[in-house]
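What follows is one structure encoded as structure tokens, with my remarks underneath.
There are 2 protein chains.
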Amino acid sequence: MCLSHQKSTFSDLSNDAKDELSRLKTCVSFRKGQVIIHEGARPQGVYCIHRGKVKLYTMGTEGKEQIIRFITNGELIGYRSLLSDEAISASATALEDTFACYIPKSSFFKVIEENPKFSLKLLKMSCHELGEAGKMITSLAQKNVKERLAEILLILRATFGEDEEGYLDISLTREEIANMVGTATESVIRLISELKKDGYISSKGKRIAVSDRGALQQIANIFE
Amino acid sequence: MCLSHQKSTFSDLSNDAKDELSRLKTCVSFRKGQVIIHEGARPQGVYCIHRGKVKLYTMGTEGKEQIIRFITNGELIGYRSLLSDEAISASATALEDTFACYIPKSSFFKVIEENPKFSLKLLKMSCHELGEAGKMITSLAQKNVKERLAEILLILRATFGEDEEGYLDISLTREEIANMVGTATESVIRLISELKKDGYISSKGKRIAVSDRGALQQIANIFE
DNA sequence: GGCAAGCAATGACTTTTATCATATCTTTGA
DNA sequence: TCAAAGATATGATAAAAGTCATTGCTTGCC
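These protein sequence lines map, in sequence, to chains A and B. Going letter by letter, the first sequence gives residues 1 to 224 in this note's numbering. Going letter by letter, the second sequence gives residues 225 to 448 in this note's numbering.
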């Protein structure tokens, strides 16, 4: 159950509050490809991911997905629209079989009201996300496709890590990568071939491994 | 003073809380072009704009500004990094002479802790901003320059309104518009000429007037 | 009022990226 | 296990956008 996660959004709550939450929540699961929340809908609660990987995306013109970010263990889905009292602005779909807790709107607000520290934590979280969104805006506006692709590969590595064989521990199609980078699928494929030829990454089927992190950082213009 | 604004971030506070804030705050003013907060710095407080217009932007590679959004009467500057406890992620510069209240970090947090409703309002605000940022990401990633320019012109109109002559009540150079749209200055100039020729906007010097809102919405692919 | 600095405008040209077409490789499920 | 569907790969070409160069217009300041 997601409350027990070390890094769960709810991890800092008192035991009492956690106990109450665990009474109010229900457990749900989603199969790979299943839509969890849908853009435009009015949310009735939030999901806290226990185990799994989820993409958050908006539909652009021509029905093309734009992936905004990923959500994984311990993180929330749907809190943004619940708190801003707006329609859901981004759909969420499971990228692999996913298990989550569902917390109804009223219970969620109850926890917020009774736990000022939790409310502050949410505030901190959303402000952090805002900073990340700003970075993404600047990259999309100013970097070229190759720079953006290198940046996204590094983000994927930092977010999901690597499996035993060194491949990124996340399975995305080239099209999904293109939908993050903001480009055509063919361009991603071409550039992945190029990065592979230059020895900065390797790939087998859809799986990708970062082999030269420094080189990617240089390509992406990241100095940290 | 900014606390008295109808639409100020602080408008819902109790009179007591407002009184206390007004003791803790100081008044500051910025001349056109003056930097208010600087990317990378650690903020020591927040600014609440009383009167004026401010651009919020990050520096991309090659030192090119990327304007994330504008801030005007009643809105806060610097709260994001204060709340997420990070370095300032976006600089703010006055676009015209601007008057603001400065509220030191400790006072700001005091108000948050003592007024749960205010804390919730900030949460709502930042969640709303997150939604807007998501929209901007999708536009930048999927729309072409002309569509984005039309969208930005509509946003400027909605944010700043028009003066007596019907011109947008905000003075931006073509370069600044390009820094919002995420394109080259020349491209913005060319497209403004084109929109003007087609009769959708008019312009005189740097001033721009939207004459056919519907047409711009159609160009921008906005259906609302 | 005139002059300089900064901005806007436009043309010519290059580079980047998208699109379309087609071939080949991988998965997946009957 | 084998066929079909779905993904990846690559080439040719077109379209979009950026860059560089130059001219002309505004504006603000002495």
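We treat Cβ as the ideally placed atom computed from N, Cα and C, and that holds for glycine.
- Beta-bridge analysis with DSSP links residue 386 of chain B to B/392.
- For residue 149 of chain A and residue 289 of chain B, the gap between their C-alpha atoms comes out near 21 Å.
- A distance below 7 Å between beta-carbons, with the five flanking residues on each side excluded, links residue 41 of chain A to the following residues of its chain, in chain order: 87 and 88.
- Within the region 247 to 335 of chain B, the complete beta strand (DSSP E) segments of 3 residues or longer fall at 250 to 254, 259 to 261, 269 to 275, 277 to 283, 289 to 296, 315 to 318 and 322 to 328, listed in chain order.
- Spanning the alpha carbons of residue 432 of chain B and residue 343 of chain B requires a straight line of approximately 39 Å.
- Listed along chain B are 336, 337, 340 and 343, each with a C-beta nearer than 9 Å to that of residue 116 of chain A.
- By the Cβ neighbour-count rule, residue 366 of chain B is buried, with 16 or more other Cβ atoms within 10 Å of its own.
- In this structure, the beta-carbon distance from residue 303 of chain B to residue 403 of chain B does not fall below 8 Å.
- Three or more beta-carbon pairs separated by less than 8 Å are not found between the region 124 to 138 of chain A and the region 18 to 32 of chain A, which leaves the two stretches without contact.
- At a cut-off of 8 Å, the C-beta of residue 269 of chain B has no neighbouring C-beta in chain A.
- The contact set of residue 441 of chain B on chain A, defined by CB atoms closer than 9 Å, is empty, because the minimum CB distance reaches about 13 Å.
- Close to chain A, meaning a Cβ-Cβ distance shorter than 8 Å, are the following residues of the region 309 to 322 of chain B: 309, 310, 313 and 314.
- Across the structure, residue 72 of chain A and residue 50 of chain A are spaced so that their CA atoms are roughly 8 Å apart.
- Closest in alpha carbon position to residue 305 of chain B, among B/268, B/429 and B/408, is B/268.
- Residues of the region 7 to 31 of chain A with a Cβ closer than 7 Å to any Cβ of chain B: none.
- At least one C-beta of chain A is nearer than 8 Å to the C-beta of residue 357 of chain B.
- Chain B has no Cβ within less than 8 Å of the Cβ of residue 78 of chain A.
- For a cut-off of 8 Å, the C-beta gap from residue 318 of chain B to residue 256 of chain B is around 6 Å, short enough to register as a contact.
- At a cut-off of 8 Å between beta-carbon atoms, residue 445 of chain B makes contact with chain A.
- Going by C-alpha positions, residue 165 of chain A is about 31 Å away from residue 140 of chain A.
- Per DSSP, reduced to three states, the secondary structure at residue 421 of chain B is helical.
- Judged by DSSP in its simplified three-state form, residue 345 of chain B adopts helix.
- Annotated three-state conformation of residue 209 of chain A is strand, per DSSP.
- At least 8 Å separates the beta-carbon of residue 19 of chain A from that of residue 348 of chain B.
- The C-beta of residue 411 of chain B comes no closer than 8 Å to any C-beta of chain A.
- With a threshold of 8 Å between beta carbons, residue 158 of chain A makes no contact with chain B.
- Of B/419, B/427 and B/426, the smallest CA-CA separation from residue 444 of chain B is found for B/419.
- Within the region 277 to 293 of chain B, those residues whose Cβ lies closer than 7 Å to any Cβ of chain A are, in chain order, 282, 284, 285, 288, 290 and 292.
- Looking at the DSSP output, residue 350 of chain B bridges to nothing.
- With respect to the 8 Å criterion, residue 398 of chain B and residue 434 of chain B are not classified as neighbours on the basis of their beta carbons.
- Between residue 263 of chain B and residue 315 of chain B, the C-beta gap is smaller than 8 Å, which places the two residues in contact.
- Per DSSP, residue 178 of chain A is one residue of the alpha helix (DSSP H) stretching across 174 to 181.
- Inclusion of residue 98 of chain A and residue 29 of chain A in the CB contact set at 8 Å is warranted, their separation being smaller than that value.
- When the alpha-carbon of residue 391 of chain B is set against those of B/325, B/426 and B/287, the nearest one is in B/426.
- Taking a C-beta cut-off of 7 Å against chain A, the contacting residues of the region 384 to 413 of chain B are 406, listed in chain order.
- When DSSP reads this structure, residue 363 of chain B sits in no beta bridge, so it has no partner.
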